[in-house]
Amino acid sequence: MKMKSMSLMMMFVLVVVSIGMEKEGPLRMAEGACSEILSHGGCVVSKCTSDCVARHPGMHGNGKCDKTSSCVCTYWCTPPESD
Numbered sequence: 180m181k182m183k184s185m186s187l188m189m190m191f192v193l194v195v196v197s198i199g200m201e202k203e204g205p206l207r208m209a210e211g212a213c214s215e216i217l218s219h220g221g222c223v224v225s226k227c228t229s230d231c232v233a234r235h236p237g238m239h240g241n242g243k244c245d246k247t248s249s250c251v252c253t254y255w256c257t258p259p260e261s262d
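Residues in the sequence shown are numbered from 180 upward in steps of one, following our numbering.
In structure tokens:
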């Protein structure tokens with residue numbers, strides 16, 4: 180009986196540790212995404228993207244035109260960790 184409870188305890192610890200490790204993976208990025216509107220009306224995709232990258236260097240900025248022709252810049256809120 181003592182051996183079974185010990186193995187159950189170890190399995191529980193492994194599950195908790197693996198869940199904690201998962202939070203540090205590539206999906207963590209979705210939590211740290213920020214966005215801002217760079218311009219209202221007359222959006223040109225190439226200019227929007229280049230303005231976004233220039234405004235947030237190293238933050239993986241991506242500019243897109245929305246339905247109202249506004250330039251929406253999405254980028255990482257914190258700099259990515261280098262490998």
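Every residue, glycine too, gets a C-beta built ideally from N, C-alpha and C.
Nearest neighbour of residue i, chosen from the options [CA to CA]
{"i": "Val232", "options": "Cys222, Leu187, Thr253, Ser184", "result": "Thr253"}
{"i": "Ser248", "options": "Ser184, Leu187, Met238, Cys227", "result": "Cys227"}
{"i": "Ser225", "options": "Pro258, Gly242, Leu187", "result": "Gly242"}
Chain-order list of residues whose beta-carbon lies under 8 Å from that of residue i (same chain, five-residue window excluded)
{"i": "Ala212", "result": "Thr253, Tyr254, Trp255, Cys256"}
{"i": "Ser229", "result": "Gly242"}
{"i": "Gly221", "result": "Ser248"}
Other residues of its chain near residue i: CB distance less than 6 Å, five sequence neighbours each side excluded
{"i": "His235", "result": "Tyr254"}
Cross-strand partners of residue i (DSSP beta bridge)
{"i": "Thr253", "result": "Ser214, Asn241"}
Spatial distance of residue i from residue j (CA atoms)
{"i": "His126", "j": "Gly240", "result": "Nothing can be reported for residue 126, as the shown portion of the chain is limited to 180 through 262."}
{"i": "Ile216", "j": "Asp245", "result": "10 Å"}
{"i": "Val223", "j": "Met188", "result": "58 Å"}
{"i": "Pro258", "j": "Gly237", "result": "7 Å"}
7 Å Cβ shell around residue i - same chain, five flanking residues per side excluded
{"i": "Ser214", "result": "Val251, Cys252, Thr253"}
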